[in-house]
Structure formats: C-alpha cells, structure tokens
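In the numbering used here, the protein residues as written are 179 to 512.
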C-alpha cells in the first residue's frame with residue numbers, strides 16, 4: 179500500500195495503488211467477481227479535485243492516511259419489503275462471513291442527487307441537512323469535490339425558488355413524472371459536470387422529503403475508501419405528527435442495525451462506474467431503487483448495509499407515487 183502525504187494540488191508521482199493481497203482467514207471472494215484479477219503494474223495516484231460549489235471555501239490541507247477497514251456481513255432481518263428478490267445474506271458480495279476488503283482510495287468527487295416533485299415544504303429541511311453534511315465532508319476530506327443536484331420533476335410549486343436559496347444545490351428541471359427517470363437524469367448530469375473518471379465519483383442518493391445526518395457523506399467516503407462500491411442505509415419515519423401506534427408498529431417491524439436488508443432510495447450510495455455498468459436507474463415509477471440494487475448485486479459489487487448513516491424521512495402516508503415508503507407506511511398493520 180502506498181503511504182505518505184497527499185497533496186490536493188499535485189499527483190503522488192511515486193505513489194502506487196495498493197495491489198490485492200490474500201487476507202488470512204477470509205473465505206469467499208470478498209465481494210469480487212469470481213475469476214476477476216487485477217494487474218500488478220504500478221499505477222500513479224492522481225490528486226482529486228476540490229469541491230466545485232461556492233460557500234464553504236476550505237483551504238486544501240495535507241493529509242496522510244492508511245486505509246484498511248472491514249464490512250459487516252450478517253444475516254438479513256425481516257423488514258421493509260421493497261428489497262431485491264433473493265436478497266443476499268451478507269454485507270459484502272453475498273458472503274456470510276465477516277471479511278476484510280481490499281484498501282482503495284477516497285473518491286475524488288461526490289455527487290448528491292435529490293429527486294423532487296412539488297416539495298417546497300420539505301426541501302428547506304432537506305437542503306439544510308445536506309449543507310451540514312457538505313461542510314462535514316469538506317472538513318474531513320478537503321480535497322473531495324462535491325455537487326448537489328436537485329432534480330425538479332414537473333414541479334408546479336415553489337420548489338425551484340427554494341433550491342435557489344441554497345448555494346449548495348443546483349437545480350435540474352425535467353418533466354418525466356417518474357422517479358426512476360428523475361434519478362437517472364440527475365446522476366447523468368452530476369457525473370458529466372464533475373468531469374472525473376466514473377471510478378472516482380461516488381453518488382449519494384436521497385429524497386426531497388428526507389433529512390440526512392451530519393456525517394452522511396463522511397461515512398460514505400470512509401466506506402468507499404475501504405473498497406465498498408454500494409452502500410445501503412437505513413431510514414426512520416419522522417416522529418413529528420406521526421401516530422404513536424403507527425410509530426411503534428414501524429419500529430417493531432424494522433430492527434435497525436448493520437447487516438440489515440432494507441433498500442431505500444432515500445439513503446443509498448454507489449460508485450458511478452458500477453452504476454453505469456448495470457445501465458443505471460430504470461424508467462420505473464416505484465421500486466427503481468430495489469431494481470437497481472438487484473442488478474448491482476448480480477454484478478458482484480462489494481456492498482455494505484449499515485445503520486451508521488440513518489436518515490429521517492417524511493411520515494406522510496400519501497406520497498408522490500402510488501407506492502414507495504408512504505404507501506408502505508399507510509398499509510402497515512397496527
């Protein structure tokens with residue numbers, strides 16, 4: 179593994195990408211595609227770009243690190259039903275053992291994508307939370323570029339004006355009336371704008387009615403640096419205005435822990451090259467998240483299901499689609 183000071187304004191010259199090693203006691207493929215191998219030629223490390231937005235202005239700092247972490251592999255529990263058919267039983271490539279993954283590098287850029295359809299009431303809280311997460315990312319990884327794209331899908335309310343009030347966010351107006359197409363357009367726009375190789379871009383997904391935690395992006399970058407290509411986060415319904423009996427029923431049916439088997443488009447991250455390799459989000463009105471995850475897992479990507487990036491989402495029972503989280507919450511037996 180290459181170690182030493184990393185400067186955001188120059189490459190590492192003699193720095194080398196780590197080569198895969200055999201890890202004692204690790205059974206299975208550790209999430210790699212069976213039969214795949216990496217070359218052993220030295221690969222120079224290029225320094226990533228800075229954040230592209232206007233408002234945080236952190237100066238580049240020299241940092242040093244050595245990256246070796248682990249992923250959680252646990253048997254999934256019963257929970258939110260919109261998960262890929264035949265969900266794997268492990269947190270890394272379907273392996274049931276706890277395995278160390280090969281060290282990688284912090285992404286050069288992070289693209290946050292937020293689909294919105296008439297969300298003027300919830301967008302201020304969503305964007306304020308993303309602003310906080312962006313500041314934390316700039317503090318922890320000052321060389322990582324960040325873009326936030328809010329996809330305004332056929333909005334007829336004041337959503338566009340709300341987005342304009344937050345320098346952290348950039349609007350993208352479309353008229354699909356499809357969350358799958360909206361997410362797809364947002365990812366394509368962000369990846370093109372960042373101008374980095376897809377393998378160096380991390381895509382973090384949430385919804386306009388969701389508030390992410392302050393370390394949301396920092397934790398995803400940390401996991402991505404360990405070699406994880408797909409992260410499944412947890413969500414909880416906002417207790418404000420939520421019927422107490424419904425809240426108890428939801429928590430009783432949804433144990434929150436690492437190794438969960440839930441799939442939420444409101445809390446989902448992946449590496450852009452893996453996403454592109456499976457064709458991206460499909461033109462689906464609901465369950466576009468579960469469809470994508472099924473294809474990513476079939477590809478054999480390293481993945482982690484974690485509770486450390488738990489987000490809070492709207493507890494409304496009438497959503498923007500006929501199903502999704504709102505419909506599931508509405509139909510939950512008390």
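Note that the Cβ used here is the ideal one computed from N, Cα and C, for glycine as well.
- Three or more pairs of CB atoms, one per stretch, sit closer than 8 Å, so the region 406-416 contacts the region 440-455.
- Under the rule that a run must span 3 or more residues, the beta strand (DSSP E) segments found entirely inside the region 396-482 read 408-410, 413-415 and 446-449.
- In this structure, residue 467 lies away from residue 436, with their beta-carbon atoms at least 9 Å apart.
- Assignment of residue 345 by DSSP, reduced to helix, strand and coil, places it in the coil class.
- For residue 331, no alpha helix (DSSP H) encloses it; the enclosing beta strand (DSSP E) starts and ends at 323-331.
- For residue 290, the enclosing beta strand (DSSP E) begins and ends at 287-294.
- Where residue 381 is concerned, the enclosing beta strand (DSSP E) starts and stops at 379-383.
- Within the same chain, Cβ atoms closer than 6 Å to the Cβ of residue 374 are found at 286 and 287, the five residues on either side in sequence being excluded.
- DSSP places residue 493 in no beta strand (DSSP E); its state is neither H nor E.
- With contacts defined as CB atoms closer than 9 Å, residue 301 and residue 341 qualify as a contacting pair.
- Taking residue 399 as the centre and dropping the five residues before and after it, the same chain places the C-beta of 284, 285, 288, 315, 318, 319, 322 and 380 closer than 8 Å to its C-beta, in chain order.
- Going by DSSP, residue 364 is part of the alpha helix (DSSP H) stretching over 357-372.
- Judged by beta-carbon spacing, residue 428 lies beyond the 9 Å limit of residue 441, meaning their Cβ atoms are not closer than that value.
- Here the alpha carbons of residue 349 and residue 394 stand approximately 21 Å from one another.
- A direct Cα-to-Cα measurement between residue 457 and residue 367 gives close to 15 Å.
- Here residue 376 carries a helix assignment [DSSP, helix/strand/coil].
- Under DSSP, residue 389 takes part in a beta bridge, and its partners are 490.
- Residue state for residue 340 is assigned as helix, using DSSP reduced to three classes.
- Taking 9 Å as the cut-off, the beta carbon of residue 382 is found closer than this to the beta carbon of residue 446.
- When the beta-carbon positions are compared, residue 391 and residue 303 stay at least 9 Å from each other.
- Beta-bridge partners assigned by DSSP to residue 352: 331.
- Taking the Cα positions, residue 351 is about 12 Å away from residue 339.
- In the same chain as residue 417, and ignoring 5 residues on each side of it, the C-beta atoms closer than 8 Å to its own belong to 425 and 493, in chain order.
- Take residue 461, set aside five residues on each side of it, and the residues of its chain with a beta-carbon closer than 7 Å to its own are 356, 358 and 359, in chain order.
- Residue 353 counts as exposed, since fewer than 16 other C-beta atoms from the protein chains shown sit within 10 angstroms of its C-beta.
- For residue 485, the three-state secondary structure derived from DSSP is coil.
- Excluding residues up to 5 positions away in sequence, 296 lie with their Cβ nearer than 8 Å to the Cβ of residue 334 in the same chain.
- Taking residue 397 as the centre and dropping the five residues before and after it, the same chain places the C-beta of 486 and 487 closer than 6 Å to its C-beta, in chain order.
- Just so you know, the alpha carbons of residue 376 and residue 370 end up roughly 9 Å apart.
- Our two residues, residue 443 and residue 293, have alpha carbons roughly 10 Å apart in a direct line.
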